[in-house]
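Enquirer: My numbering puts the sequence shown at residues 4 to 270.
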Amino acid sequence: MATSLTARTLFISDLHLGTRDCQAALLSRLLRRVRPERLYLVGDVIDLIAMHRRASLPAEQQRLVGRLLRLAKGGCEIIYIPGNHDAALRQLCGIRMHRMRIERRAIHETADGRRLLVSHGDEFDTHVRLAPWLMALGDGMHQFVLSLNRWCNKARSLLGLPYWSLAAAVKGRIGAAQRYVEQFEQAAIHQAAREGLDGYVGGHIHKAGFRAQDGVLYCNDGDWVEHCTALIERPDGSLALIDWEGQVIEAEPSMPRACPEGALAGA
Numbered sequence: 004m005a006t007s008l009t010a011r012t013l014f015i016s017d018l019h020l021g022t023r024d025c026q027a028a029l030l031s032r033l034l035r036r037v038r039p040e041r042l043y044l045v046g047d048v049i050d051l052i053a054m055h056r057r058a059s060l061p062a063e064q065q066r067l068v069g070r071l072l073r074l075a076k077g078g079c080e081i082i083y084i085p086g087n088h089d090a091a092l093r094q095l096c097g098i099r100m101h102r103m104r105i106e107r108r109a110i111h112e113t114a115d116g117r118r119l120l121v122s123h124g125d126e127f128d129t130h131v132r133l134a135p136w137l138m139a140l141g142d143g144m145h146q147f148v149l150s151l152n153r154w155c156n157k158a159r160s161l162l163g164l165p166y167w168s169l170a171a172a173v174k175g176r177i178g179a180a181q182r183y184v185e186q187f188e189q190a191a192i193h194q195a196a197r198e199g200l201d202g203y204v205g206g207h208i209h210k211a212g213f214r215a216q217d218g219v220l221y222c223n224d225g226d227w228v229e230h231c232t233a234l235i236e237r238p239d240g241s242l243a244l245i246d247w248e249g250q251v252i253e254a255e256p257s258m259p260r261a262c263p264e265g266a267l268a269g270a
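(1) From what residue to what residue does the beta strand (DSSP E) around Y211 run?
(2) The beta strand (DSSP E) spanning I235 covers which residue range?
(3) Work out the CA separation of T22 and P39 for me, nearest whole Å.
(4) Between which two residues does the alpha helix (DSSP H) carrying H55 extend?
(5) Q216 by DSSP, collapsed to three states: which one?
(6) Less than 6 Å between C-beta atoms, sequence neighbours within five positions excluded: which residues of the same chain meet that for A27?
(7) I believe S241 touches E255 by the beta-carbon criterion, under 8 Å. Please report the beta-carbon distance rounded to the nearest angstrom.
(8) Taking only three categories from DSSP, how would you classify R32?
(9) Just how far apart, CA to CA, sit A190 and V37?
(10) Going by DSSP, what residue range makes up the beta strand (DSSP E) through H251?
(11) What does the alpha-carbon distance come out to for the pair L30 and V228?
(12) R132 to G124, Cα distance in whole Å?
(13) Within a Cβ cutoff of 6 Å, which residues of the same chain sit near L41, ignoring the five residues on either side of it in sequence?
(14) Taking only the alpha-carbon atoms, compute the straight-line gap between Q186 and D47 and give it to the nearest angstrom.
(15) Alpha helix (DSSP H) containing L120: first to last residue?
(16) Would DSSP call H193 helix, strand or coil?
(17) For G141, collect the residues of the same chain with a Cβ closer than 6 Å to its Cβ; drop the 5 residues on either side in sequence, then sort them by chain order.
(18) I84 and R56 - do their beta-carbons sit closer together than 8 Å?
(19) Only counting the same chain, and skipping five residues up and downstream in sequence, which positions put a Cβ closer than 7 Å to that of L51?
(20) Could you tell me the alpha carbon to alpha carbon distance between Y221 and L44, rounded to whole angstroms?
(21) Suppose you measure from the CA of A10 to the CA of R237; what does that come to, to the nearest Å?
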C-alpha cells in the first residue's frame with residue numbers, strides 16, 4: 004500500500020479541467036497520497052476558453068473536483084489564483100468560501116521564513132519577446148502535439164506502460180520554446196526581486212523546474228496536461244517537484260538568501 008506524504012503546502016496549476024487533455028486520474032492518484040495543510044491552485048484550473056468551444060467534463064474530472072472539495076472540508080486551506088484560461092474568475096478575487104478563497108496573487112511564507120510571490124504567470128507574457136507569428140504557430144503546434152499525446156498514452160495504457168509526455172519531449176527540442184521559457188523565468192525572477200521577496204512560484208508555461216539567480220529562487224510547478232507535476236513544501240520549508248506518484252523528481256537548488264530589495268532594479 005502506498006504511504007502518504009507529509010506536506011505543509013502543495014502547489015498545482017494548469018489542470019485545464021473541461022478539456023480532453025486534463026490528466027485528472029493522475030492528479031487524483033497524487034492527492035490520495037499527499038494531504039497538504041494548504042493547497043494553492045495556481046491558475047488555469049478550469050479551461051473556460053476551451054469550454055466555450057467544446058466542454059468535456061468526464062467522470063474522472065468530476066471525481067477530481069469532488070476530491071478537492073473534500074480536502075477543503077477536511078481542513079485544508081485552498082487558495083485559488085485564476086490564470087488566463089479561467090480569467091473570468093478574477094472578478095471574484097477577494098471572495099472567501101469556508102476554507103477556500105480566490106486571490107489575484109499571494110505571498111506565501113515557507114516554514115523556514117522565506118517569502119514567495121505566487122501568481123499564475125501570464126502577466127509576464129508582455130516581457131517575452133517572440134514574434135507574434137511564431138507564438139501563433141507555436142500554439143497551433145502545441146495543440147496538435149497534445150492530441151498526439153492523448154493517442155500515444157492510450158496506446159501505452161493498453162500495453163501496461165506508465166504515462167509519458169510526448170508533448171514535453173517535443174517541446175524540449177524546439178529552440179523557440181526554450182527561449183520563451185528562459186525569458187519567462189527571467190521576468191518572474193526580476194519581479195520577485197523588485198518586491199524584495201525570496202522567490203517566485205507560478206505555472207502558465209507548462210515547464211516545471213527551478214532556477215536560482217542572485218539570491219532569488221524561481222519555481223514552476225508544471226501542469227496536469229503534459230508533465231503532471233506539483234511543487235511540494237515539506238514541514239521544514241524545503242521545496243521539491245514531485246510527479247503523480249509522489250516521487251521527488253527535482254529538489255530545490257542550494258542558494259544564499261535573497262539580496263536586498265531593489266538589488267536587481269538596474270539589471
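Quick reminder that beta carbons are idealized off the backbone N, C-alpha and C, glycines included. Keep in mind that this is a model prediction, so the values were computed, not measured.
Expert: Here's the rundown:
(1) The question names Tyr, but residue 211 in the sequence shown is Ala. Segment: none, A211 is in no beta strand (DSSP E) and carries neither H nor E.
(2) 232-236
(3) 26 Å
(4) 51-56
(5) strand
(6) E63, Q64, L67
(7) 7 Å
(8) helix
(9) 31 Å
(10) Inspection of the sequence shows that residue 251 is occupied by Val rather than by His. 251-254 is the span of the beta strand (DSSP E), which, as asked, contains V251.
(11) 10 Å
(12) Residue placement at R132 is flagged as unreliable, the pLDDT there being 49, under the threshold of 50; a coordinate-derived value is accordingly withheld.
(13) Looking at the sequence shown, residue 41 is not Leu but Arg. Only T12, E80 meet the Cβ criterion.
(14) 21 Å
(15) That residue, L120, is in no alpha helix (DSSP H); its beta strand (DSSP E) goes 118-121.
(16) helix
(17) Reliability of the predicted coordinates at G141 is poor, the pLDDT of 46 falling under 50, and no value is obtained from them.
(18) no
(19) H88, D89, A91
(20) 17 Å
(21) 5 Å
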